[in-house]
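According to the numbering used here, the sequence shown is numbered sequentially starting from 51. Cβ coordinates follow ideal geometry from the N, Cα and C atoms, glycine included. Structure record follows, encoded as structure tokens.
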Amino acid sequence: YPGRHDKIAILADNCKIHATEAVLKYCERRDITWIMNIKHRPDFNGIEGVWGWTKKVYRERLDWFRANGIRWKQAEVISKILEEIP
């Protein structure tokens, strides 16, 4: 962010694609601090709660659609669920 003087940090989980050499070099060139979350502790990463809730609701709706013989478009269902995040 040109002109900003705030320090930027990224908190990432331990998924290998989040810490590729290219990503780490990019962060280093831009003086971005890279913080790896503690392994096997998704409770320290707030987005995990959002995805957990989204998957739960998606599965519930999927069961309802199937039970009622309704066809669905996966992307539309997920988009609607994300709009309902508490």
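query                                                                                                  : result
Extent of the continuous alpha helix (DSSP H) run through T70                                          : Unbroken run through T70: none, as it is neither H nor E.
Secondary structure of I128, DSSP reduced to three states                                              : helix
Proximal residues to R80 (C-beta, below 8 angstroms), its chain only, five neighbours per side dropped : I58
Contact set for W103: own chain, Cβ-Cβ below 8 angstroms, skip 5 residues either direction             : I135 and P136
N87 beta carbon less than 8 angstroms from that of D63                                                 : yes
Span of the alpha helix (DSSP H) around W122                                                           : From DSSP, W122 is part of no alpha helix (DSSP H); its letter is neither H nor E.
Residue span of the beta strand (DSSP E) that contains I85, given as start and end                     : T83 to M86
Among W122, A117 and K105, nearest to L132 - alpha-carbon criterion                                    : K105
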